[in-house]
Every structure is written in C-alpha cells, then in structure tokens.
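Each residue of the sequence shown is one higher than the one before, counting from 248 in our numbering.
The beta carbon of each residue, even a glycine, is placed where N, CA and C say it ideally should be.
Since the model is a prediction, treat every value here as computed from it, not as a measurement.
Working notes, structure below.
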Amino acid sequence: MSQRPQAVQARLWSEEEVRYGEVAVDLAAAGADRLFTYAFPPDLDLVPGTWVEVPFHSRKLIGCYIGPAPAPPPGVQVRPIAGVVRELPPLPQDLIDLARWVADRYLCTFAAALRLCIPAGARRRQVREREVAAVALAAPRAEVAAAMEAAERRRAHLQARVLAMLLERPGPVPLAEIAARLGDHARAALRPLLDRGLIRRVTLTARRDPFGGRAALPDAERSLTPAQREALAAVERALADDNPFAPRRPILIHGVTGSGKTEVYLQAIARVLARGQQAIVLVPEISLTPQTVGRFRARFGDRVAVLHSALSEGERWDEWLRIRRGEVDIVVGARSAVFAPVERLGMIIVDEEHESTYKQETTPPYHAREVAEERCRRAGAVLVLGSATPAVETYWRAERGEIERVVLPERVDGRPLPPVELVDMREELRAFNRSIFSRRLQEALDETLGRGEQAILFLNRRGYNTFVLCRACGEAIACPNCAVALTYHLPGPGQPHPRRLECHYCGHTEPVPSTCPRCGSDKIRYLGAGTERVEAELRELFPRARVLRLDVDTTRRKGAHGEILGAFSRGEADVLIGTQMVAKGLDFGRVTLVGVVLADTTANLPDFRAAERTFQLITQVAGRAGRGDRPGRAVVQTYMPHHPAIAAAARGDIAGFYARELAWRKVQGYPPFADFVRLLFTGPEEGEVALAARAAYQALLPYGKDGAMEVREPGPAPLVRLRGQWRYHLLLHGPDRQAMVAAVRAALGGRRLPGKGVRMSVDVGPYTIL
Ligand code: ADP
Ligand code: ZN
Ligand code: ZN
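Right, dumping it as structure tokens:
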C-alpha cells in the first residue's frame, strides 16, 4: 500500500542523482543468501552498517546497508528504500566483516550471521529506549531561587519544594521521582510553575539496569602469586607485541580450580584498559551468576556491561547501546557476547573455554571460542583462554605450540586440591545397601555436617526417577511427541502440578498412571535417580540438615538462581544438591565435601566427547571443595570405577587423560584430527524425511569420491522423534571442515530437496549428534 508514494519519490531523483546500494535484507534464516540492490536518495549521508527499511515483495523488511552497488542495467527497475531506521545505530564495519566470515565458515546466510550482531528485540523493533517524563529548570537559577522563596512566603510549600529539588541538581528530575518524594499531589504543583515559565517538560532516556542500581563493593588488586605473575607476564608480552605480520598466539591459562585465574583476568583487563582498549569476557551461561559478574563489577564498577539470556529485552538493548556508545570498557557475557559492538578491542577472555555452551547448535552453528579467535586476529587483539580442564582440541594445540600455555598448578595459598575417592557402587549392592548414597558418602556427609561445614551433591539428572518402567511388557513410558522416556517428578514448591511425568525435551506432562498404558499391568517400577530423589533420601537420612536444590525446576523464576546460591553462601543451608549448575565457577569457602552421586550418567552418552565431558565434570565439581581454610574432599560414586575418564579424574591425572584421549581420537578420526558436518532432516512424515536425507546423500556422494571426505549413509538420528517431528541425519566426516562446508554449499545450496514438509539444518563441527 505504500508502494505508490515511493515510486513517485524515485522519479523525483534524476538519473544522475540516484545512488544504488546493496542491502542485506533481514530474511528468515533459510532465506535466499544474496544482497539486494535498492535506490537511495542522493542527499542521504550513509555509512555501511546503517539499518534501513526496504520494500520486499509486498512486505516491508529491515536490512543492513552494506555498501554502494553498481547502477543496474538499463530497463531493470530498482525500488527505493522506504527509510532509514534511526533508532538502531549502524553496525560497525568489523562486525559486518565478522558476520561474513561466520556465514562462510558455518554455512548460514549472511543475513542470519548479521542477526548475531544486534539484539533480536531491537532488530524486530520491539524494544526502544525507555523514555520517562521529567521536568527541568527553564529560568536562570537566581530567578528560580527567588521564586522559591516567594512561594515559601505564600505558603505554596509544594511548589517551593519542587523548585528546591530542581535547584539541588544539575539536570532534570523525573516526574516519578518527584511523586515518590513529595507525594502524588505534587504533580498538581507543577502546573503553575510550568505556566510561569520557571520549569519545562523534558523527556529522559532511562537505562534499564540489570543490577537494579546496586553498586558492587569495591575491591582492590591482590598481589599475585609467582605462577599468576607468570601468566600475567605472558599476557603483557602478547599485548605489547604489535608486529602486524606475526599473528599473536592465543594464550591458554591452564590452572586448577581455585588457582586464581580470575584474578589474572582482572589484572590483564586493567592492562588492556591502561592501553585505552576494551575487553570482552565470555563465561558459560551457567556461571553468569551474580558471584562471577560481581567480581568484575567490584573491580571496574560501572565500566562493566553484561549480556546474557536472563536479561529482559529492554535491559539487553540498553546494555548493548551502552557498549555501542563506548560507555563501557568491559563486556561480560555468554556465548553471543563475542559479537558485542566494542570498538577498541584489546582482548577477549574465554573462561572455562572447554564448556560446550560456547557451541551454538541452531543456525548459525558457531563456536564462540573459534569466533573469538578470528575476531582477535582481525582486531590485533589478544585471545586468552582459561580452564582447569581444557578442551581436548585446545590441549592439543597447546602441545603443538599453536597456543602459548601457562600453567597454574596450585591453588592460591597452596591449599591442597581435594583428594578424590572413588566408590564402587557394585560393592554397595553386594552389601545390600539399596540407598543411592554409599556407606562412604553417608559417613562423609555425617562428618561434614557434624563439623558444621557444607557439602555439595552433584547429579546430572533432574526429577525424581529418570524413567518409569512396566515390568510386564518391559516398556518405559515414553513421551507421545519424542522418542524419550518420561521423567517422574514430585510436586515441588512453585510447581502447580501434582506428581507428574514430564518430558525434558518438549515439556509435555501427564499424570502418573496406576497401570501400564500399553498392557494394563500394575507392575510399574520407578527407576533411575534424579536430583529430587537425592533431596528426598538426604532429608530422610539427615532430617536436621538444611537442604537446597539447584536445578532447572527450582530456578524457573527470575532471580531464583541467585537467591539459592546467596542463601547457601550465607550459610543458610548445609547441603546444596544440583545438576551441572553446581559444577562450575562457584566459590564457597565453607564447602569441604563434594559428592558425585553417579559419575556414569555422562560417560554413557553415545557421543565421542562423553569421556572428555565426564573427566571435566568430575574434575570441576571436585574442585568446588576445600576452597576456604579447611581442607576438602570429593567422593565419586560409580558403577564403572575403571572407566578411563573416571579413573583419571579421580587420580587427578590430567596429562594421562589427554594423552590417552588424543591417541584414541587419532585412531577414530575425531576432532582435532578430523571433524564432522551434520545434516539434519526433520518433518512430520517419516517417509518424507528419509526421502530428503537420501536425496541429499545422492547429491553429496560425488564429493566423497576422491577420498577427501567420507559421506556416511543417512539414517534415523539417535533421537528419532522430537516434538512430534521425525529426525534423520547424514554425517560428513573428514580432516578439512571447510572442504566439507564447501561441498554442502556446492551440492545443496539453493536446491530444493524432495520430501514434503521437510526442513534441513546443518551443524558444522557438531557437539551433539542426538
Ligand atoms: P579460579 O578462577 O582459578 O578458580 P579464583 O581467581 O576464583 O580462581 O581464585 C580463588 C580464590 O583465591 C578467590 O577467592 C580469589 O579471590 C583468591 N585469590 C586469587 N588470587 C589471589 C592472590 N594472589 N592472593 C590472595 N587471594 C587470591
Ligand atoms: Zn506394560
Ligand atoms: Zn517430548
């Protein structure tokens, strides 16, 4: 409907005047991967990165102006843009370039990659800066002061107090603040002041502060241990080295838990700031607790912005704007913060760099550590990776010297690492102990609680029982939408449902049946323990213990996560039970016991990273113990005490674990020696999904002919149904990930596959192939 005025406008610009520009139109992720040419008014001062509104077919879409385009051939109609989107600041050129790299590397459209660079709410134009009504002085201060005294004499007290409030301060005062201080009726007193021209109405933009205006307690640099000094020196050398021809090597700070890595980051950032540059700190979503962020704010105050998924759209947008305007020097955030619009980037720190949350599984399937490395390379910035248990890939690169490694082998103050004791749960069965707690763990809990110390119990599964089995027909009760067993949950605080079965993939819930829905038998058994069961058994064994639980079910409410951790750190509970949420980054001085209720849950996953994850989880969670003055210990329960990852973690044999794991991966052709590209086909009909997968396979087969890559036969994915959709997949396997990406692009790019209602998605370097 807005077509006609634009056409008229286009004719107003003469042939010579009109300019053409290329626009990355914000199409849905699966849209066409090309730029579109539009006509721009001649007097517009455009920089690349400017957001514009453009007509697209019959719709109006937003797009990013990338640069000038050649004039179209005669006769080709080019439509004019509909306008410039002023409320979105232009994207910086380096992010545009980075998005192009992401699109190329991870096989997505340029538009999809650009979406990473700006908060979704702002791109959809659903968030604005928050505006608040305020009043400001409109007359010289002396005149206002005289008017105030006159009002006082007239006994117009409210008017006098409003003027006093405005005189107290240099700037405008929000109406809400006046009402809060002087009462709602104070608004009435504004009218005569406005009429007399003493004050005027103004609009302020108000920042939505994720910290709710709370300042962090300031904290000073600590004097470093010798090992920390060496780590900082390595960072300083890298910062000082500005030879543009030799790219700086990333630095890996391989430091045991509690070795003071965070203190090194803080002092490294101070060096970056001293050079007039800025830093991005990536942390796993899970450790974006008030505790972690608080340490950065304590050191750097308001110069810190945060970006993570728990922010409201408004908070996220305001934080993003503060970064874009250069009002902050440090961005602390989850995965997507690697795309934060900092202009003078000096360093990116990736804490807990081995964490799988840095890998995005949906389009674009990027890995934040890889993007961070590329961004640093382009900006001449320093990449710092930190972990107690580096990714196998990172460890390998450090061994080869591609990454500079500094080791922090000991905890600060020389506190010992907690000894890890393995408990063979098969022995417990033989001794007729049917509890989920071994005798050893019970003793240890008893001692810990008796001494008034704290314990953390870790189990990587939530719910009460992880499956419900019919003993007559042998079937586990499965989700109607997904090929997974349902989990049995007890009613919990804040959960409206009574006892229920729940699918952890799609959220489906149903009441607990008294008979088997398949065969009608009443021989129903509840098996497999989750965190709710741990809590229930613990309360039974230690009725006086004060217990908190930290998992998805207890943290659904905003702020609940921080409240639970806060209560535990203030000593309001004796035991904290949790899923992997308790494994990372927590620093509680009074915890002296960590119990791993069952180490086997991750080890048994059908995934080549299962051993690595198990090793990392046990090492990390054990590291939560003994971080104060009292020594800690860890008790790890397992049915597989000889599993290499579990045994190595218990011995603290880091080098041994990596050597063995790397040897195995080399033989198997797993990363870092080779990698995968996975094509996933989903749709409502299994036959159609299989058909699409088969067609893709046929198209890709020629690319496997020369042996550069292996095109594996497609088949059902391990999780063959999810949310009512059938899932088939196809794996490409080979030493060169970019060659596989190129093959997919060449074989399938822009091509329609058969199969009704089937969607294909690509994962490059997948972290899960479920
Ligand atoms: P990591 O990040 O390696 O787990 P942290 O930086 O959290 O280790 O340090 C562990 C504890 O030791 C923290 O409480 C921290 O404040 C303290 N700490 C770190 N470095 C020093 C130091 N040089 N002197 C004294 N205390 C330190
Ligand atoms: Zn049955
Ligand atoms: Zn489901």
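DSSP lists L823, V841 as the bridge partner or partners of I703.
Counted as a single uninterrupted DSSP element, the stretch harbouring H890 is not any beta strand (DSSP E), since DSSP gives it neither H nor E.
The Cβ atoms of V670 and S682 do not sit closer than 9 Å to each other. Under the three-state reduction of DSSP output, I771 falls in the strand class. Checking the DSSP bridge columns, you'll see C717 partnered with I771. Rounded to whole angstroms, L938 and V958 show a C-alpha spacing of 16 Å.
Its chain contains S816 as the residues whose beta carbon lies nearer than 6 Å to that of F835, once the 5 sequence neighbours on both sides are disregarded; these appear in chain order. By the rule of a C-beta closer than 6 Å to any heavy atom of ligand 3, the residues picked out are C726, N728, C729, C750, Y752, C753, H755. Counting the other CB atoms within 10 Å of its CB gives H808 a total of 16 or more, which places it among the buried residues. Cβ neighbours of G951 within its own chain (closer than 7 Å, five residues either side excluded): E957, V958.
R925: not part of any alpha helix (DSSP H); member of the beta strand (DSSP E) spanning 922-930, first to last residue.
For the beta strand (DSSP E) assignment, the uninterrupted runs of no fewer than 3 residues enclosed by the stretch 620-667 are, from N- to C-terminal side, 629-634, 651-655. The Cβ-Cβ distance between Y285 and I343 does not fall below 9 Å. DSSP places M956 in the coil class of the three-state scheme, outside both helix and strand. If you compare the alpha carbons of A691, P961, Y312, L291 with that of E300, the shortest gap goes to Y312. Ligand 1 never approaches A545 closely enough for any of its heavy atoms to be under 8 Å from the residue's Cβ. Relative to the non-hydrogen atoms of ligand 1, the Cβ of A830 never comes closer than 8 Å to any of them.
Under the three-state reduction of DSSP, F283 is assigned to strand. In the structure shown, Y975 falls within a strand segment according to DSSP collapsed to helix, strand and coil. Judged by pairs of C-beta atoms under 8 Å, the stretch 900-909 does not touch the stretch 615-633, as fewer than three such pairs exist. Fewer than three beta-carbon pairs drawn from the stretch 549-557 and the stretch 352-360 are found closer than 8 Å, and the two stretches are therefore not classed as touching.
One residue after another in chain order, those with a Cβ under 6 Å from a heavy atom of ligand 2 are C717, A719, C720, E722, C763, R765, C766, S768. At least one heavy atom of ligand 1 lies closer than 8 Å to the C-beta of Q475.
Remark: fewer than three beta-carbon pairs, one from each stretch, lie closer than 8 Å, so the stretch 523-530 and the stretch 334-352 are not flagged as touching. Cβ neighbours of N712 within its own chain (closer than 8 Å, five residues either side excluded): T734, Y735, Y773, L774, G775, A776, G777, R780. Not one heavy atom of ligand 1 lies closer than 8 Å to the C-beta of S816. Judged by beta-carbon spacing, R941 lies within the 9 Å limit of P961, meaning their Cβ atoms are closer than that value.
CA-CA distance, L422 to A411, rounds to 14 Å. The alpha carbon of K805 has as its nearest neighbour, out of P1013, R856, A557, the alpha carbon of A557.
Burial is judged here by how many other beta carbons sit within 10 angstroms of a residue's own beta carbon; T450 has fewer than 16 and is exposed. When beta bridges are read from the DSSP output, E749 appears opposite T734, T756. If only uninterrupted alpha helix (DSSP H) runs of at least 4 residues are considered, those enclosed by the stretch 383-423 are 388-400, 404-415. Bridge pairing for S1008: L927 [DSSP]. Counting along the chain, D341 sits inside the alpha helix (DSSP H) bounded by residues 340-353. The stretch 480-540 is shown to contain whole beta strand (DSSP E) runs of 3 or more residues at 498-502, 525-529, in chain order.
Within the DSSP secondary-structure output, A358 pairs in no beta bridge.
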